[in-house]
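Student:
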Amino acid sequence: YGDIARALADYFADFGEVAEQRGLDVVPSDVALGFVVLRRIQAQRKLLARREVLQQTGNGYGSAARDRYQSFSRTVLSPANPSDVAVLEEGARFARHQLAIYTWILYYYMFPCTATFRLIGQSIKEKLSWATVGDNFLRIHERTMMAHAGLDRSDIAYASFETGFYETPYCIVIDRKWKSVVLSIRGSLTLEDCVVDVLLDPSPLDALGDKYGFAGEGQYCHGGVLECTQWLHSDLMRNNILETLLMGDNAQCRGYALRIVGHSLGGGIGVILSLMLRQTYPNLRCIAYSPPGGLLTHDLATSCSEFVNTFILDSDIVPRLSLDNMERLRDEVLHLIPRVKLSKYDIAKRIFWHGLCGEVELGDLDYLIQQNDDMLYPPDYVLDSEFMRQLQRFDSMQQGRRSNRGVSRSIALFPPGRIVHLSKTGQSKACVHASNAGSEYTPIRKENDDFNEIEISPTLWTDHFPNRVCIEI
Numbered sequence: 001y002g003d004i005a006r007a008l009a010d011y012f013a014d015f016g017e018v019a020e021q022r023g024l025d026v027v028p029s030d031v032a033l034g035f036v037v038l039r040r041i042q043a044q045r046k047l048l049a050r051r052e053v054l055q056q057t058g059n060g061y062g063s064a065a066r067d068r069y070q071s072f073s074r075t076v077l078s079p080a081n082p083s084d085v086a087v088l089e090e091g092a093r094f095a096r097h098q099l100a101i102y103t104w105i106l107y108y109y110m111f112p113c114t115a116t117f118r119l120i121g122q123s124i125k126e127k128l129s130w131a132t133v134g135d136n137f138l139r140i141h142e143r144t145m146m147a148h149a150g151l152d153r154s155d156i157a158y159a160s161f162e163t164g165f166y167e168t169p170y171c172i173v174i175d176r177k178w179k180s181v182v183l184s185i186r187g188s189l190t191l192e193d194c195v196v197d198v199l200l201d202p203s204p205l206d207a208l209g210d211k212y213g214f215a216g217e218g219q220y221c222h223g224g225v226l227e228c229t230q231w232l233h234s235d236l237m238r239n240n241i242l243e244t245l246l247m248g249d250n251a252q253c254r255g256y257a258l259r260i261v262g263h264s265l266g267g268g269i270g271v272i273l274s275l276m277l278r279q280t281y282p283n284l285r286c287i288a289y290s291p292p293g294g295l296l297t298h299d300l301a302t303s304c305s306e307f308v309n310t311f312i313l314d315s316d317i318v319p320r321l322s323l324d325n326m327e328r329l330r331d332e333v334l335h336l337i338p339r340v341k342l343s344k345y346d347i348a349k350r351i352f353w354h355g356l357c358g359e360v361e362l363g364d365l366d367y368l369i370q371q372n373d374d375m376l377y378p379p380d381y382v383l384d385s386e387f388m389r390q391l392q393r394f395d396s397m398q399q400g401r402r403s404n405r406g407v408s409r410s411i412a413l414f415p416p417g418r419i420v421h422l423s424k425t426g427q428s429k430a431c432v433h434a435s436n437a438g439s440e441y442t443p444i445r446k447e448n449d450d451f452n453e454i455e456i457s458p459t460l461w462t463d464h465f466p467n468r469v470c471i472e473i
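Residue numbering for the sequence shown follows full-length UniProt numbering, beginning at 1 and increasing consecutively.
Written as structure tokens, this is what we have:
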């Protein structure tokens, strides 16, 4: 918990201590104003990027305008390219496996009215086995796991549903159509999982790389994810399931490939576990859905792209969640406050008139740019005020705090592998704005350092839901 306390102390330090001439004279409405204005600036960037994507897909909207925020400019996956199609087919196939390990909690969320009847019907048809650990007497976890992925009882080799601070539920199933043994790892669901997610101190991988045969020298990873991975690796070695299925002349699934899949925290665990197991299973592949953004240092995040594919849905916050991005968000919001020309009332009136929570369409781009220009002074405009002097002191103090963290806490971490970003390029008028139902997505190749900004969006949480990722792929 010390890591969490230090991160929060740094993040919120020096607010509201004006009497000592140290902090910022801000109230909650100032911060809310900054977030609202930032969302409109991000919407402008996103529409410029969407215009460019539609050009690439042949649905151009005039000439693409250029913007200083260039990380969106990437290649659209093509249905005419066999390798692009193969990546999407693999992602779609194994997305159901990452759903399966979420068991009954997600199943009842997806089917609140019919889940019980579905499971009763299945219990009549299926004879369950006892190759599971941590299930209850009704075998509800196993039943829902089978229902999620459309599995037959004979497909399940092993499942563990026990949870703890580092203990992570996982299952091993056999996909005969794709000739794969699939290890599926659950993502964040409990309070313990959330604590692990914010253990921000990077851990060195030198010793782990030497032990398991990957290039770990000078590389780092998310400390909490590494702890969970080491527990899972030990449990796999103790149970010996993978060896029984894949190794030796008497292997039950001889000639099958090992695929490791996971969502969120489970995706991060799957990537590091793949690094540890690849020397033993050379044909191993990993598919990570919405993994943590602060997972691996850049060299390792890019070099593992040979066997790791990552899928991220639109504005999902988790692949963008890192200490650097959180600080960048805070600083950008604070620096927008003194740039505002209008009163809070006038800005609120303008934004609510146009639709605060509505999606802005391509046809509104010129209007949005004009509105943003009317509301804000240019970035290089220098305003002499007490708040600006406070902000300069705040920036100086935060720079000092960053310098005092030590080398390890200043290391930048990135999402892993070859990244496919499902970018929203259209939306039904009837769509509920806080969900992404009815949206149209375009798969785009992204670089590992493209997810360098937390997007302020009504769907930043729903884009992370494992069932949404599965449906859209």
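Glycine included, every Cβ here is placed at the ideal spot set by N, Cα and C.
Leaving out five residues on either side along the sequence, give the residues of the same chain with a beta carbon under 7 Å from the beta carbon of Ser274.
Tutor: Excluding positions up to five away in sequence, the list reads Ile260, Leu284, Cys286, Phe307 and Val308.
Student: Pick from Leu334, Ser439 and Ser410: whose alpha carbon is nearest that of Phe394?
Tutor: Nearest C-alpha to Phe394: Leu334.
Student: Spell out a yes or no on whether the segment 326-333 and the segment 441-450 are touching, meaning 3 or more CB-CB pairs, one atom from each, closer than 8 Å.
Tutor: Contact fails: fewer than three Cβ-Cβ distances are below 8 Å.
Student: By the three-class DSSP mapping on this structure, what secondary structure does Phe94 have?
Tutor: Phe94 falls in the helix class under three-state DSSP.
Student: Which residue comes first and which comes last in the beta strand (DSSP E) that contains Leu258?
Tutor: Leu258 -> beta strand (DSSP E) spans Ala257 to His263.
Student: With Pro202 as the anchor, note down where its beta strand (DSSP E) starts and where it stops.
Tutor: Pro202 -> beta strand (DSSP E) spans Pro202 to Pro204.
Student: Taking the alpha carbon of Asp449 as the reference point, which residue from Lys46, Leu48, Ile41 and Arg74 has its own alpha carbon closest?
Tutor: For Asp449, the nearest C-alpha among the options comes from Arg74.
Student: Looking only at C-alpha atoms, which of Thr163, Leu336, Trp231 and Leu258 sits nearest to Asp175?
Tutor: For Asp175, the nearest C-alpha among the options comes from Leu258.
Student: Whole angstroms are fine: how far does the CA of Gly164 sit from the CA of Ser188?
Tutor: Using only the alpha carbons, I get a separation of about 12 Å.
Student: Report the three-state DSSP secondary structure of Ala149 (helix, strand or coil).
Tutor: Ala149: helix per DSSP, three-state reduction.
Student: Evaluate Gln98 with the Cβ neighbour count: other Cβ atoms within 10 Å of its Cβ, from every protein chain shown; 16 or more gives buried, anything less gives exposed.
Tutor: Buried.
Student: Taking 9 Å as the threshold (C-beta atoms), are Ala49 and Leu368 in contact?
Tutor: Contact: no.
Student: Return the residue from the list Asp324, Tyr212 and Phe414 that minimises the CA-CA distance to Gln399.
Tutor: Among Asp324, Tyr212 and Phe414, the Cα nearest to that of Gln399 is on Asp324.
Student: What residue range is occupied by the uninterrupted beta strand (DSSP E) comprising Val182?
Tutor: Note, Val182: beta strand (DSSP E), Ser180 to Ile185.
Student: How many angstroms separate the CA atom of Gly426 from the CA atom of Ser410?
Tutor: Each residue's alpha carbon lies about 38 Å from the other.
Student: Could you tell me if the beta carbon of Cys221 falls within a distance shorter than 8 Å of some heavy atom in the ligand NAD?
Tutor: In the structure shown, the ligand NAD is absent, as is every other ligand, since no ligand is present at all.
Student: In this structure, what does DSSP give as the bridge partners for Ile174?
Tutor: Looking at the DSSP assignment, Ile174 forms a beta bridge with Val181.
Student: Rounded to the nearest angstrom, what separates Ser234 and Met276 at their Cα positions?
Tutor: Approximately 11 Å between the Cα atoms of the pair.
Student: Mind checking which residues open and close the beta strand (DSSP E) that includes Thr442?
Tutor: Residues Ser439 to Lys446.
Student: Return the first residue and the last residue of the beta strand (DSSP E) that Tyr377 is part of.
Tutor: Here Tyr377 belongs to no beta strand (DSSP E), and DSSP marks it neither H nor E.
Student: Would you mind listing the alpha helix (DSSP H) stretches within the segment 277-347 that are 4+ residues and don't spill past its ends, in chain order?
Tutor: Here the runs fully enclosed are 298-303 and 323-336.
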